[in-house]
Amino acid sequence: MHGVPHRWISWQHACYYYAKDQVAWSLGERAFTVHGGLNRVTGERSRISAASIIAIKGKAMAMKSFGQVPPLNNRELFHRDRQMCAYCGGMFTISRLTRDHINPFSRGGKDTWMNVVTACRSCNEKKSDRTPETARMELIYLPYVPNRAEYLILTNRRILADQMEFLAQHVPAQSRLHHKSAQ
Numbered sequence: 005m006h007g008v009p010h011r012w013i014s015w016q017h018a019c020y021y022y023a024k025d026q027v028a029w030s031l032g033e034r035a036f037t038v039h040g041g042l043n044r045v046t047g048e049r050s051r052i053s054a055a056s057i058i059a060i061k062g063k064a065m066a067m068k069s070f071g072q073v074p075p076l077n078n079r080e081l082f083h084r085d086r087q088m089c090a091y092c093g094g095m096f097t098i099s100r101l102t103r104d105h106i107n108p109f110s111r112g113g114k115d116t117w118m119n120v121v122t123a124c125r126s127c128n129e130k131k132s133d134r135t136p137e138t139a140r141m142e143l144i145y146l147p148y149v150p151n152r153a154e155y156l157i158l159t160n161r162r163i164l165a166d167q168m169e170f171l172a173q174h175v176p177a178q179s180r181l182h183h184k185s186a187q
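Quick note on numbering: this note's numbering labels position 93 of the sequence shown as 97, and the sequence is numbered without any gaps.
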């Protein structure tokens, strides 16, 4: 069995897909069981057991959707950059981080994954409305666009081991998510 990761779903949605016989296949070492009400005729309690990774029947996700650019927000940006300032290399709490536009808006820069990095407040103020070159500040790392699997990892803090193993198979080898030294 294989497939590409698409999105996180709630346990309620997973139960819905199982109840509607819409699960094509499932993976994972961890399953959970949800108990429902009592059957009026048999008196038995209903239950649904669901795996931690499921594929939904129906139209397969087009590979182009797998390559779609995930939405950019500060939380995922800071996670992508491991909460490390791109200029001084310091590690900071999220409350002390900012989104820095490498090429500032005033110079035609866009708000895209490839034009933003994580910066501490001090470095962002020092760089101000300039490029790193004109501010004489070197980037310690380069920005990149996370793929769908990386994005799913970045957006969830409670990933089960089997889910992480499945997602990791879809993370590019050059991704910072593979480098333990960056953690």
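Just so you know, even glycine gets a beta-carbon here, dropped at the ideal spot from N, CA and C.
Residue nearest to residue i in terms of C-alpha spacing, selected from the options
i: H17; options: Y91, M168, R161, V38; result: V38
i: C127; options: G47, M168, C89, R162; result: C89
i: P75; options: N160, P150, R161; result: P150
i: C92; options: A35, F36, K131; result: K131
i: R152; options: E129, A139, S179; result: S179
i: P108; options: M95, L101, T138, F96; result: T138
7 Å CB neighbourhood of residue i in its chain, flanking five on each side removed
i: H83; result: L158
i: C19; result: V38, I52, A54
i: P136; result: I106, E142, L143
i: Q173; result: none
i: V73; result: W117, V149
Status (buried if at least 16 other CB within 10 Å, exposed otherwise) for residue i
i: A123; result: buried
i: D115; result: exposed
i: M67; result: For M67, the predicted model reports a pLDDT of 46, less than 50, meaning its position is unreliable and no value from the coordinates is stated.
i: D85; result: buried
i: W12; result: exposed
i: L146; result: exposed
i: V120; result: buried
i: V175; result: buried
i: Q187; result: For Q187, the predicted model reports a pLDDT of 40, less than 50, meaning its position is unreliable; a value from the coordinates is still stated below. Label assigned to Q187: exposed.
Cutoff 6 Å; reference residue i; Cβ partners in own chain excluding five residues on either side
i: G41; result: none
i: S14; result: none
i: E33; result: D166
i: L164; result: R34, S56
i: S110; result: D133
i: D104; result: V121, A123, N128
Own chain, CB closer than 8 Å to residue i, minus 5 neighbours either side, in chain order
i: I60; result: Y21, Q26, V27, A28
i: N160; result: W12
Anticipated Cβ contact below 8 Å, residue i with residue j, distance rounded
i: L156; j: P9; result: 5 Å
i: F170; j: L31; result: 6 Å
Residue ranges of each alpha helix (DSSP H) run of no fewer than 4 residues wholly in the segment 86-152, ordered along the chain? Qualifying alpha helix (DSSP H) stretches, in chain order: 125-131.
Complete alpha helix (DSSP H) runs within the segment 25-83 (minimum length 4 residues, chain order): Fully enclosed alpha helix (DSSP H) runs of 4 or longer: 67-70.
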